[in-house]
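Enquirer:
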């Protein structure tokens, strides 16, 4: 009994000890916050290794700058909090540049273009944005898709229940669409095309209307201006020397 | 020799024991009788230091309990109590119930304790139940186990609180016989009961609390 | 085959789930026993502190507590890393729940047990450790078992701090392969974990029960 208690207390202190010590050495490396459930930008392969377009790109850019990086999976809803409490140094995982986010973080120059597309089932009677009135529309919570929909306030208000339905992940949205509860979803094109390919592209239809074009950028802490510049230079190099294109072909070519 | 002098005890405003005095010898079997609410059980509890004394003294072989003193360990050890509902420890076997206290007090080794317990359990005719747990025993068996548990510490006075309350007539006779046997070992027996038959059969002296109270 | 691609990620997720479960349980239950024992000593100021602690821990969501430890404490100058934050939040939360369960268990032990200890001359500490606590643990074992199952499932909350446990591994696979099938496997693994835990709990409960145990 006594032994057990002592062991427990020792364990508690050891845990606390580990905590404080490991914080210091992680300062030397750049910690990149990623959503490791976000295919094809960052996700786990069958070996449970982190892979994806952004993962490859970040590794390449880091090499160019000559810094060491580590990837830290985070809860995507907490990303800005993670960044501003210094738990991570960069948000780099299909991070769409928006005005609202610009208030909290600095963005690098865009490195990938993206649209917020509207996906419906192939046999849906929804053909235009206007048809969404009174329908159930789902989006990922805390996502730029949500922001894009809310920006069109009249349209958002005309939806069933006066607002889009928010799910944890985009896959939840797709599954809800297939289950017939949602009538349409709004989603990053990059991700949507990937998911549709996985689930069978013939099941879906993408409307011509969309919720605007966007760009992906890397989120940097406002105070890290030097890092921002380094990243921008490296991105520019990558685009000009062709290494970026090679990567793009690897992940997005049909 | 147990001497109780002018013992008083109140709970709040209610005076339960009022100036009680009596004495008894080591070889006596005394039955303490009286209507319920007369403080019979309270007296036993004072004697076993489960309650403090308001005034008066209790003396036993040169040891004294009086008002406002801390627990007297020697006194405690000299008095044993068999509770009305026995209060055996349900997570221990009968044997463990009996040997753990003397071993804890380092009165004897575990081996000696087992020997002593087994011979007492034999006398009480429940040796075959030594490895059983209390909840599997009948009321009479539990009572006898509780007697052995108390006797393991060699008390000078052994108290019983309503020993026949949960027993049929046959078992009551049996326990009366066993109490008489015990008394031969120079253990004073003090029994709180309202069972006249039992008191007549077992006691060498009957004290009626209502006659003692001033 | 999808299942072939899922084996490793789900296995590693399960390991994280098990690790958080095991460490939380192994630390919080003994800690709760220690604290509940201190609480049972009824020292006013200390118990007031315990009440406040339990009120906060049980009165707010564990998810919020975790976020507070990780994101909130740095504002007060205490920066803990992810793992430490997870364990700290989980251990404190489960300690509070276990303490409440144990308090109930301790109170449920018949007061006669303590009196029996007193009469047999056990110290307060010995009475508690040898008689009261074992019975209290046995009495509240089913409730503790309940918490164990809840804990296994609660481990899924740690994704908020980015930890990749079983549910998240499943979610990740769902996103990667665009099908909900991984959720079925995740459910099956949780069921395997909880039924194993239940089996072990039942076995332990039987062992602890003196009547059924032998």
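Protein chains in written order, with this note's numbering: chain A, 1 to 254; chain D, 1 to 214; chain G, 1 to 214.
Think of the CB as a built atom: it goes at the ideal place given N, C-alpha and C, for glycine as much as any other residue.
What in chain G is Cβ-close to residue 121/D, meaning under 9 Å?
Expert: Numbered from 1 along the second chain, position 121 holds the residue referred to as residue 121/D. Chain G residues near residue 121/D: none, gap ~17 Å exceeds 9 Å.
Enquirer: Mind reading off the beta-carbon distance from residue 277/D to residue 192/D? Whole number of angstroms is fine, and I expect it under 8 Å.
Expert: In the structure as shown, chain D begins at 1 and stops at 214. Residue 277/D is therefore absent and cannot be evaluated.
Enquirer: What does residue 39/A reach in chain G if we use C-beta pairs closer than 9 Å?
Expert: Looking up residue 39/A in the first chain gives position 39. Near residue 39/A (Cβ distances below 9 Å), the residues of chain G are 172, 175, 176, 177 and 178.
Enquirer: Is there a Cβ from chain D that is less than 8 Å from the Cβ of residue 207/G?
Expert: Along the third chain, read from residue 1 onward, the residue named residue 207/G stands at position 207. Output row for residue 207/G: interface = no.
Enquirer: Apart from the five residues just before and just after residue 82/D, which ones in its own chain have a Cβ nearer than 8 Å to its Cβ?
Expert: The residue you call residue 82/D lines up with position 82 of the second chain. Excluding sequence neighbours, residue 82/D sits near 143, 146, 147, 150, 158, 159, 160, 161 and 163.
Enquirer: With distances taken from CA atoms, which of 182/G, 166/G and 141/G is nearest residue 206/G?
Expert: The residue you call residue 206/G lines up with position 206 of the third chain. Closest by alpha carbon: 141/G.
Enquirer: Comparing the C-beta of residue 166/G with each C-beta of chain D, is any distance below 8 Å?
Expert: For this step, residue 166/G is matched to residue 166 along the third chain. For residue 166/G, the answer is no, since every Cβ of chain D falls outside 8 Å of its Cβ.
Enquirer: Could you give the residue range of the beta strand (DSSP E) that holds residue 99/A?
Expert: Walking along the first chain from the start, residue 99/A turns up at place 99. Per DSSP, residue 99/A belongs to no beta strand (DSSP E); it is in the alpha helix (DSSP H), 99-102.
Enquirer: Return the CA-CA distance between residue 51/D and residue 202/G, expressed in angstroms with no decimal places.
Expert: In the second chain, the residue the question calls residue 51/D occupies position 51. In the third chain, the residue the question calls residue 202/G occupies position 202. The straight-line gap from Cα to Cα measures roughly 41 Å.
Enquirer: In the structure shown, what three-state DSSP assignment does residue 33/D receive?
Expert: Here residue 33/D corresponds to residue number 33 of the second chain, with the count starting at 1. In the structure shown, residue 33/D adopts extended strand secondary structure according to DSSP, grouped into three states.
Enquirer: Hey, quick one: how far does the beta strand (DSSP E) through residue 68/G stretch, first residue to last?
Expert: Within the third chain, residue 68/G is the residue found at index 68, counting from 1. In the DSSP assignment, residue 68/G falls outside any beta strand (DSSP E) and carries neither an H nor an E.
Enquirer: Kindly indicate if chain G contains any beta-carbon less than 8 Å away from that of residue 179/D.
Expert: If you number the second chain from 1, residue 179/D lands on position 179. For residue 179/D, the answer is no, since every Cβ of chain G falls outside 8 Å of its Cβ.
Enquirer: Run through DSSP, which three-state label would residue 90/D get?
Expert: Within the second chain, numbered from 1, the residue matching residue 90/D stands at position 90. The answer is coil: DSSP assigns residue 90/D none of H, G, I, E or B.
Enquirer: Tell me whether the stretch 50-66 of chain A and the stretch 177-196 of chain G touch, counting them as touching only if at least three CB pairs, one residue from each stretch, are closer than 8 Å.
Expert: no
Enquirer: Hey, which unbroken runs of the alpha helix (DSSP H) at 4 residues or more fall wholly within the stretch 47-101 of chain A?
Expert: Runs of the alpha helix (DSSP H) inside the stretch 47-101 of chain A: 53-65 and 79-84.
Enquirer: Near residue 31/G, what residues of its chain come up, given a Cβ to Cβ distance below 6 Å and the 5 sequence neighbours on each side ignored?
Expert: Locating residue 31/G in the third chain gives position 31, counting from the first residue. Within the same chain, residue 31/G has close Cβ partners 95.
Enquirer: When the cut-off is 8 Å and only beta carbons count, does residue 73/D lie next to chain G?
Expert: Stepping through the second chain from its first residue, residue 73/D is reached at position 73. Under the Cβ distance rule, residue 73/D counts among the residues neighbouring chain G, one pair being separated by less than 8 Å.
Enquirer: Grouping DSSP H, G and I as helix and E and B as strand, with all else coil, what is residue 22/A?
Expert: Reading the first chain from its first residue, position 22 is the one you call residue 22/A. With a pLDDT of 40 at residue 22/A, under the threshold of 50, the modelled position of that residue is not reliable, and the figure given next carries that caveat. It is helical.
Enquirer: Ignore the nearest five residues each way along the sequence and tell me which others in residue 165/D's own chain have a CB closer than 7 Å to its CB.
Expert: On the second chain, residue 165/D is found 165 positions in, with the first residue counted as 1. Closer than 7 Å at Cβ, skipping near neighbours: 84.
Enquirer: Which chain G residues sit within Cβ distance under 9 Å of residue 163/D?
Expert: As a working mapping, residue 163/D is identified with position 163 in the second chain. Going along chain G, no residue has its Cβ under 9 Å from residue 163/D, so there is no contact; the nearest lies around 15 Å.
Enquirer: Could you tell me the distance, in whole angstroms, from the CA atom of residue 54/A to the CA atom of residue 40/A?
Expert: In the first chain, the residue the question calls residue 54/A occupies position 54. In the first chain, the residue the question calls residue 40/A occupies position 40. C-alpha separation (whole angstroms): 8 Å.
Enquirer: Select from 231/A, 222/A, 78/A and 251/A the residue whose C-alpha is nearest the C-alpha of residue 194/A.
Expert: Within the first chain, numbered from 1, the residue matching residue 194/A stands at position 194. It is 251/A whose Cα lies nearest to the Cα of residue 194/A.
Enquirer: With a threshold of 8 Å between beta-carbons, can residue 228/D be considered close to chain G, or not?
Expert: With chain D covering only 1 through 214, there is no way to say anything about residue 228/D.
Enquirer: How far does the beta strand (DSSP E) with residue 44/A in it reach, from first residue to last?
Expert: Reading the first chain from its first residue, position 44 is the one you call residue 44/A. For residue 44/A, the enclosing beta strand (DSSP E) covers residues 42-44.
Enquirer: Does residue 201/G come out as helix, strand or coil in the three-state DSSP assignment?
Expert: The residue given as residue 201/G occupies position 201 in the third chain. In the structure shown, residue 201/G sits in a helix (DSSP, three-state: H, G or I).
Enquirer: Using a 10 Å radius around the Cβ and a threshold of 16 neighbouring Cβ atoms, would you call residue 35/A buried or exposed?
Expert: To locate residue 35/A, count along the first chain from 1; it is residue 35. Buried, because 16 or more other Cβ atoms sit within 10 Å of the Cβ of residue 35/A.
Enquirer: Can you tell me whether residue 76/G is buried or exposed? The criterion is at least 16 other CB atoms within 10 Å of its CB, across all chains shown.
Expert: Locating residue 76/G in the third chain gives position 76, counting from the first residue. Exposed: under 16 other Cβ atoms inside 10 Å.
Enquirer: For residue 41/G, which residues in chain D fall below 7 Å Cβ to Cβ?
Expert: Position 41 of the third chain, counted from the first residue, corresponds to residue 41/G. In chain order: nothing, as chain D lies at least about 17 Å away.
Enquirer: Secondary structure at residue 25/D, three-state DSSP: helix, strand or coil?
Expert: Counting from one through the second chain, the residue named residue 25/D turns up at place 25. Coil at residue 25/D, not helix or strand.
Enquirer: Can you find a C-beta in chain G that's less than 8 Å from the C-beta of residue 73/A?
Expert: For this step, residue 73/A is matched to residue 73 along the first chain. Yes, residue 73/A counts as interfacial toward chain G.
Enquirer: Examine chain D for any beta-carbon lying closer than 8 Å to the beta-carbon of residue 19/G, and answer yes or no.
Expert: Residue mapping note: residue 19/G aligns to position 19 of the third chain, counting from 1. Taking Cβ atoms only, chain D never reaches closer than 8 Å to residue 19/G, which makes this a no.
Enquirer: Residues of chain G with CB under 9 Å from residue 85/D, in chain order?
Expert: In the second chain, counting from the first residue as 1, residue 85/D sits at position 85. Chain G residues near residue 85/D: 110 and 112.
Enquirer: Can you find the residues in the same chain that come closer than 8 Å, C-beta to C-beta, to residue 191/A, ignoring five residues on each side of it along the sequence?
Expert: On the first chain, residue 191/A is found 191 positions in, with the first residue counted as 1. So the qualifying residues of the chain are 38, 39, 40, 41, 94 and 170.
Enquirer: Quick check for students: name the residue ranges of the alpha helix (DSSP H) that lie wholly in the stretch 98-171 of chain A, counting only runs of 4 or more.
Expert: Within the stretch 98-171 of chain A, the complete alpha helix (DSSP H) segments at least 4 residues long are 99-102, 144-151 and 153-158, listed from N- to C-terminus.
Enquirer: So, helix, strand or coil for residue 82/D, using DSSP?
Expert: As a working note, residue 82/D is residue 82 in the second chain. Three-state result, residue 82/D: strand.
Enquirer: Determine the DSSP secondary structure at residue 162/D, reduced to helix, strand or coil.
Expert: Position 162 of the second chain, counted from the first residue, corresponds to residue 162/D. DSSP places residue 162/D in coil when its eight states are reduced to three.
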